[in-house]
Amino acid sequence: MDILLFFFLGASLASFIGVVVERFPEKSLITPASHCQACGTTLPAWDLIPILSFLINRGRCRFCQVKLPIWYLLIECFLGIVSVGYYHHILSGQICMTILLSVLLSLYDLKSLGFPILAWLLPTLGLFFFAPLSPIFLILCLLGILAEMTDIKIGSGDFFYLASLSLGFSLTALLWVIELGSLAGILSYLLKRCKHIPLVPFLFLGYLLVIFFKLT
Numbered sequence: 320m321d322i323l324l325f326f327f328l329g330a331s332l333a334s335f336i337g338v339v340v341e342r343f344p345e346k347s348l349i350t351p352a353s354h355c356q357a358c359g360t361t362l363p364a365w366d367l368i369p370i371l372s373f374l375i376n377r378g379r380c381r382f383c384q385v386k387l388p389i390w391y392l393l394i395e396c397f398l399g400i401v402s403v404g405y406y407h408h409i410l411s412g413q414i415c416m417t418i419l420l421s422v423l424l425s426l427y428d429l430k431s432l433g434f435p436i437l438a439w440l441l442p443t444l445g446l447f448f449f450a451p452l453s454p455i456f457l458i459l460c461l462l463g464i465l466a467e468m469t470d471i472k473i474g475s476g477d478f479f480y481l482a483s484l485s486l487g488f489s490l491t492a493l494l495w496v497i498e499l500g501s502l503a504g505i506l507s508y509l510l511k512r513c514k515h516i517p518l519v520p521f522l523f524l525g526y527l528l529v530i531f532f533k534l535t
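Under our numbering, the first residue of the sequence shown carries the number 320, and numbering increases by one thereafter.
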């Protein structure tokens, strides 16, 4: 029973992250009530249950039948599994919080190639409960500020995100994250030929790979 509760907690956090990505910073996170983005109909409580509502409605809005993005379901399942990993002491609190931050920033980057500084700052402050301030963190933040002030090819948000990953990570592990994320980003560019590549999701992938190999 406890495992199910932790899984549901993780899935619920994923659902909330979806709301944040859809609304912040242009709209309020509180009002209006959750509604279908296509038809505007306010959703009843049973349509807000993570995973189950998606499966019962077959991935569509109950009212207008518009197809919902599959990432809703995937992220809810993923964070549910992460929460269970925390319950079994496989994943630390710091790793879980970093993953939550990474999912949030990755979805923002995929949606708009943007980096919400406030949405990054607040969870990152929470990471200081697990790891002290490090020189690497400060250097990466300075590089982020420099990138914001100048026209270089790497976005400032990528440096700020790497700064968050550096908390509790060795320089060697962080370099592996950068290398793996960069390789994945280059591969995506070669396959899609996009003009702009959202780098945060690929850095997040690199982070997950490093965490996986550290745990195995």
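Every residue gets a Cβ at the ideal spot worked out from N, C-alpha and C, and that includes glycine.
Since this is a predicted model, take the numbers as computed values, not measurements.
| Asked | Found |
| --- | --- |
| Determine the direct distance from the alpha carbon of I409 to that of I322, and round the result to whole angstroms. | 13 angstroms |
| So who's on the other strand from H354, going by DSSP bridges? | T361 |
| With respect to the alpha helix (DSSP H) encompassing Q413, which residues constitute its N-terminal and C-terminal limits? | 412-431 |
| Among I505, V496, L494, A438, whose alpha-carbon lies nearest the alpha-carbon of G476? | A438 |
| Out of I497, G337, L486, state which residue places its alpha-carbon closest to the alpha-carbon of G302. | Outside the shown range of the chain (320 to 535) lies residue 302, about which nothing can therefore be said. |
| Who are the Cβ neighbours of L518 in its own chain at under 6 angstroms, not counting the five residues just before and after it? | D477, G504 |
| Out of curiosity, what's the CA-to-CA distance linking W495 and F521? | 12 angstroms |
| Which word fits F488, buried or exposed, when buried means at least 16 other C-beta atoms lie within 10 angstroms of its C-beta? | buried |
| From T360 to K511, what distance separates their C-alpha atoms? | 36 angstroms |
| For a minimum of 4 consecutive residues, which ranges assigned as the alpha helix (DSSP H) are wholly contained in the region 466-525? | 475-485, 490-511 |
| Can you tell me where the alpha helix (DSSP H) with F327 in it begins and where it stops? | 321-342 |
| Quick check: L332 and L419, are their CB atoms within less than 8 angstroms of each other? | yes |
| Where S453 and E341 are concerned, what is the direct C-alpha to C-alpha distance, given to the nearest angstrom? | 33 angstroms |
| Counting only the same chain and skipping the five closest in sequence on each side, list residues whose C-beta sits under 7 angstroms from that of P435. | F343, P344, Y427 |
| Along the chain, where does the alpha helix (DSSP H) that runs through I368 open and close? | Counting along the chain, I368 falls outside any alpha helix (DSSP H), and DSSP gives it neither H nor E. |
| Could you pull the start and end residues of the alpha helix (DSSP H) that E395 belongs to? | 390-406 |
| Is the separation between the beta-carbon of A330 and that of E395 shorter than 8 angstroms? | yes |
| Rounded to a whole number of angstroms, what is the C-alpha to C-alpha distance between C383 and F532? | 44 angstroms |
| Run through DSSP, which three-state label would K386 get? | strand |
| CB-CB under 8 angstroms to L367, same chain, minus the five flanking residues each way: which ones, in chain order? | S334, S353 |
| Beta carbon of L490, beta carbon of L459: below 8 angstroms? | no |
| How many Å lie between V401 and R377 at the Cα? | 24 angstroms |
| Using the Cβ count rule (16 or more neighbours within 10 Å means buried), how would you classify M416? | buried |
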